[in-house]
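In this text, residue positions in the sequence shown follow the working numbering: the first is 2, and each later residue adds one. Step one of this worksheet: look at the structure below.
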Amino acid sequence: MRAWIARALLPVALVAGVALSLVPAGPARGGRLLTGFERRGGTSWTSPDEERDFLRALVEESETSRSETSWSETSWSDRGRSERGRSERSRSAGWITVTRIGTSARGRPLELITLTGPSTVPDPIRVLFVCGQHGDEPAGREAGLKLVRDLAGDRSAAGRRLLERVTVLVLPTPNPDGLAAGTRTTADGVDLNRDHVAVSTPEARAISRVLRELRPQVVHDMHEFATPVGNGDAPFLYLWPRNLNVTPALRALSIELARDRMGPALRAAGWQTAVFGTTSAARETAGDADERLLRNIAGVDHAVAVLAEVAATPLSALEQQDAGLLGRRRVAAHTVA
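Set out below in structure tokens:
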């Protein structure tokens, strides 16, 4: 088991390396397709309508350099049918599908973005990014949208190698009702990240279906936490599966991914890091071994899993005064991780 798990870490490192090279220092500029968040310099988040327009435009833009790109809105089975029709002659870096995998309690679409290379190795590593289980933690969603755009448009040798070996799966808005309402929970009042055993909500069932049917070998769960300015807590926290039913080799590799790869990349970018649950702001929500948490259930399901937590509140007087600076820092930290 360890052999196939271990090979997951190099592609993940490639994802991080390519993404890190694309992190902007300030507001996005130029002719690139931009999210609503980027167009406004980070002062407000991409709206649901803007997300939909962005993904449609991304697919349309990619059609100019891809022989086939598809947008699926009907059923899960459409995704497999469209993948079987993929052209091997495409010369672009990546090939994108957007698939509806469910519907929220309030009727909003639950969509999965899949990014692959025009040609791939047999059985590529599947890396799943879950970008915002809590509706009031939107920075991961912005990072996920940016990641898909930037990897799809990357024509470098590293970008091509990455998408030959890795299938990137992104759930940008797994809790659309919570996002629209600005609430942590789903419209049913359920904490989605405590619903991965009971799967009582349509949102949890959609995530469960992705885990069950696509079997990602790596799961990256993106969150934010609130902390008062100057309390001394690190602005980036990470964690791995702590449930004792997780295979020891998987737990060790999850720790390696978080501590030895994410941590150094973030510190190199200038941010302090710590293990989630060991600092004052996070003690009450660390979760430990609770199998209802995504990082734990993913580990139990035999995936390398990591939790990424970014400080959502200002870390400086400048961030207190500049909403765009604060928003860009939150998204950039998730992008680096």
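No residue lacks a Cβ here, since even glycine has one placed at the ideal position from N, Cα and C. Keep in mind the model is a prediction, meaning the values are calculated, not measured.
Spatial neighbours of E225 in its own chain (CB-CB distance under 6 Å, excluding positions within 5 residues in sequence) are listed in chain order as E138, A140, V311 and A313. For P110, the uninterrupted beta strand (DSSP E) run begins and ends at P110 to T117, by DSSP. Shortest Cα-Cα distance from V60 to any of P265, I97, G43 and R185 involves I97.
Cβ neighbours of Q134 within its own chain (closer than 6 Å, five residues either side excluded): P175, N176, L193 and N194. The alpha-carbon of E214 is positioned some 46 Å away from that of Q322. Rounded to the nearest whole angstrom, the C-alpha separation of V198 and N297 is 10 Å.
By the Cβ criterion, the stretch 96-113 is in contact with the stretch 205-221, since at least three pairs of Cβ atoms, one from each stretch, lie closer than 8 Å. Distance between R57 and T168, taken at the CA atoms: about 20 Å.
Between V332 and P203, the alpha-carbon positions lie close to 27 Å from each other.
By the Cβ criterion, the stretch 144-158 is not in contact with the stretch 231-245, since fewer than three pairs of Cβ atoms, one from each stretch, lie closer than 8 Å.
Put simply, of L238, A270 and D291 the residue whose alpha carbon is nearest the alpha carbon of N246 is D291.
Excluding residues up to 5 positions away in sequence, F55, A58, L59, E62 and R150 lie with their Cβ nearer than 8 Å to the Cβ of L34 in the same chain. Take the alpha-carbon of A318 and the one of T336: they are about 23 Å apart. Here R101 is bridged, per DSSP, to E112. For V311, the enclosing beta strand (DSSP E) has its first and last residue at V305 to A312. One alpha carbon belongs to G264, the other to A182, and they sit about 32 Å apart. Listed in chain order, the non-local C-beta contacts of E51 below 6 Å within the same chain comprise G37, local neighbours out to five positions each way being set aside. When DSSP assignments are scanned along the stretch 230-300, the uninterrupted stretches of alpha helix (DSSP H) that are 4 or more residues long and fall wholly within it turn out to be 249-256 and 264-269. Contact between R166 and P125 is confirmed by a C-beta separation of about 6 Å, below the 8 Å threshold.
Under the three-state reduction of DSSP output, L170 falls in the strand class. For G271, the closest alpha carbon among the candidates C132, E143 and P236 is that of P236.
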